[in-house]
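Chemist: Following the numbering used here, the residues of the sequence shown are numbered contiguously, the last one being 295. Note that CB positions come from ideal geometry on N, CA and C, so glycine has one too. A single structure is presented below for examination.
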Amino acid sequence: MSDAPPVRLVSAIVPCRNERGHIEAFCEAVLAQRLPPGVLLEVLVADGRSDDGTRDWLVAFCADNQAPDRRFVLVDNPGRIVSTGLNAAIAQSQGDVIVRLDVHTVYAADYIEQCLQALDKSGADNVGGPWKAEGSGATQEAIAAVFQSRLVAGGARSRQLDYDGWVDTVYLGCWPRATFQRFGEIGRA
Numbered sequence: 107m108s109d110a111p112p113v114r115l116v117s118a119i120v121p122c123r124n125e126r127g128h129i130e131a132f133c134e135a136v137l138a139q140r141l142p143p144g145v146l147l148e149v150l151v152a153d154g155r156s157d158d159g160t161r162d163w164l165v166a167f168c169a170d171n172q173a174p175d176r177r178f179v180l181v182d183n184p185g186r187i188v189s190t191g192l193n194a195a196i197a198q199s200q201g202d203v204i205v206r207l208d209v210h211t212v213y214a215a216d217y218i219e220q221c222l223q224a225l226d227k228s229g230a231d232n233v234g235g236p237w238k239a240e241g242s243g244a245t246q247e248a249i250a251a252v253f254q255s256r257l258v259a260g261g262a263r264s265r266q267l268d269y270d271g272w273v274d275t276v277y278l279g280c281w282p283r284a285t286f287q288r289f290g291e292i293g294r295a
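Quick look at the structure:
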């Protein structure tokens, strides 16, 4: 009898369009994610018909990154907007858990692991971490500080960095596949 944990497939869905300046660092950060034992990751990048070299870079990157524990898949997003890209990626995904990632977001190395733990612990339909804005340079840092302030965020607990509990929304999100089977696609704006 094997002591190996059962395999759990997580599907990361990523909308992008014309992100050549950011996609490489993003993909490297995803490769650096620490996954719990028995967790496999497929990363579905839904490209919205990029014309800045993003798509060409992704074709090569996806071909080269098909490891047993994580693989990258390029998904076509002819609608070019975020919601159609997310829905296209969800339609092609195979995981029992779906986590949304964004190319411009910086993730802790255990972000996916923390999302899985929160799902398992809470039984919620959607989990995620706090939305923490950061900037580089005086103007961006000022905007980030205002974004995090109670004046702008009001009582939104999803922006309180030390809060752990139920909220009305989360940044990006991590869902059991059953959530989409129950409620359908992401709405098109």
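Please say whether arginine 288 and isoleucine 204 have beta carbons closer to each other than 8 Å?
Modeler: The residue given as residue 204 occupies position 98 in the sequence shown. The residue given as residue 288 occupies position 182 in the sequence shown. In this structure, arginine 288 does not lie closer than 8 Å to isoleucine 204 by Cβ.
Chemist: Verify whether the separation of the beta carbon atoms of arginine 206 and serine 156 is less than 8 Å.
Modeler: For the purposes of this step, residue 206 is taken as residue 100 along the sequence shown, with counting starting at 1. For the purposes of this step, residue 156 is taken as residue 50 along the sequence shown, with counting starting at 1. Their beta carbons are not under 8 Å apart, which means arginine 206 does not touch serine 156 by this criterion.
Chemist: Assuming aspartate 288 is part of the alpha helix (DSSP H), what are its boundary residues?
Modeler: Here the question's residue 288 lines up with position 182 in the sequence shown. It is arginine, not aspartate, that sits at residue 288 in the sequence shown. First-last of the alpha helix (DSSP H) with arginine 288: 283-289.
Chemist: Rounded to a whole number of angstroms, what is the C-alpha to C-alpha distance between leucine 146 and aspartate 175?
Modeler: The residue given as residue 146 occupies position 40 in the sequence shown. The residue given as residue 175 occupies position 69 in the sequence shown. Leucine 146 and aspartate 175: Cα-Cα distance of roughly 5 Å.
Chemist: Answer yes if the region 134-153 comes into contact with the region 177-189, meaning at least three C-beta pairs across the two stretches below 8 Å, and no otherwise.
Modeler: Yes: at least three Cβ pairs fall under 8 Å.
Chemist: Just reading off the beta strand (DSSP E) that serine 255 is part of, what are its end residues?
Modeler: Locating residue 255 in the sequence shown gives position 149, counting from the first residue. No beta strand (DSSP E) contains serine 255, which DSSP labels as neither H nor E.
Chemist: Could you check where the beta strand (DSSP E) with serine 117 kicks off and where it finishes?
Modeler: If you number the sequence shown from 1, residue 117 lands on position 11. Residues 114-122.
Chemist: What is the DSSP secondary structure of aspartate 153, reduced to helix, strand or coil?
Modeler: Taking the first residue of the sequence shown as position 1, residue 153 is located at position 47. Three-state result, aspartate 153: strand.
Chemist: So lysine 238 and glutamine 254 are in contact, right, with Cβ under 8 Å, and what is the actual spacing, rounded?
Modeler: Start at 1 with the first residue of the sequence shown, and residue 238 comes out as number 132. Start at 1 with the first residue of the sequence shown, and residue 254 comes out as number 148. With 8 Å as the limit, lysine 238 and glutamine 254 qualify as a contact, their Cβ atoms being about 7 Å apart.
Chemist: Check whether the region 130-142 touches the region 211-227, taking contact to mean three or more Cβ pairs, one atom from each stretch, closer than 8 Å.
Modeler: Yes, since at least three Cβ pairs between the region 130-142 and the region 211-227 fall closer than 8 Å, the two stretches touch.
Chemist: Rounded to the nearest angstrom, what separates glycine 234 and aspartate 162 at their Cα positions?
Modeler: Locating residue 234 in the sequence shown gives position 128, where the first residue counts as 1. Locating residue 162 in the sequence shown gives position 56, where the first residue counts as 1. About 31 Å.
Chemist: Mind checking isoleucine 187: buried by the 16 CB within 10 Å criterion, or exposed?
Modeler: The sequence position of residue 187 within the sequence shown is 81, counting from 1. It counts as exposed.
Chemist: Report yes or no: is there a C-beta of chain D within less than 8 Å of the C-beta of aspartate 162?
Modeler: In the structure shown, chain D cannot be found, because there is only a single protein chain.
Chemist: Figure out for me which residue from Gly229, Thr245 and Asp208 has the closest Cα to the Cα of glutamate 131.
Modeler: Along the sequence shown, read from residue 1 onward, the residue named residue 131 stands at position 25. Looking at the sequence itself, residue 131 is alanine, so the reference to glutamate does not match. Alanine 131 has its Cα closest to that of Asp208, out of Gly229, Thr245 and Asp208.
Chemist: Are the beta-carbon atoms of isoleucine 119 and serine 199 separated by less than 8 Å?
Modeler: Sequence index remark: in the sequence shown, residue 119 carries index 13 (1-based). Sequence index remark: in the sequence shown, residue 199 carries index 93 (1-based). Going by C-beta atoms, isoleucine 119 is nearer than 8 Å to serine 199.
Chemist: Taking buried to mean at least 16 other C-beta atoms within 10 Å of its own C-beta, is proline 121 buried or exposed?
Modeler: Along the sequence shown, read from residue 1 onward, the residue named residue 121 stands at position 15. With 16 or more other Cβ atoms within 10 Å, it is buried.
Chemist: Would you please state the rounded distance, in angstroms, between the beta carbons of valine 116 and glycine 229? I believe it to be under 8 Å.
Modeler: As a first step, residue 116 is located in the sequence shown; it is residue number 10 there, counting from the start. As a first step, residue 229 is located in the sequence shown; it is residue number 123 there, counting from the start. With a Cβ gap of about 17 Å, valine 116 and glycine 229 do not count as contacting.
Chemist: How long is the line joining the alpha carbons of glutamate 291 and proline 236, rounded to whole angstroms?
Modeler: Here residue 291 is taken as the residue at index 185 of the sequence shown, counted from 1. Here residue 236 is taken as the residue at index 130 of the sequence shown, counted from 1. About 24 Å.
Chemist: My understanding is that leucine 225 touches cysteine 280, with C-beta atoms under 8 Å, so please give their C-beta distance in whole angstroms.
Modeler: Within the sequence shown, numbered from 1, the residue matching residue 225 stands at position 119. Within the sequence shown, numbered from 1, the residue matching residue 280 stands at position 174. Going by Cβ atoms, the distance from leucine 225 to cysteine 280 rounds to 6 Å, so yes, they are a contact pair.
Chemist: What residue does the alpha helix (DSSP H) around valine 188 start on, and which one ends it?
Modeler: Locating residue 188 in the sequence shown gives position 82, where the first residue counts as 1. Per DSSP, valine 188 belongs to the alpha helix (DSSP H) from 188-198.
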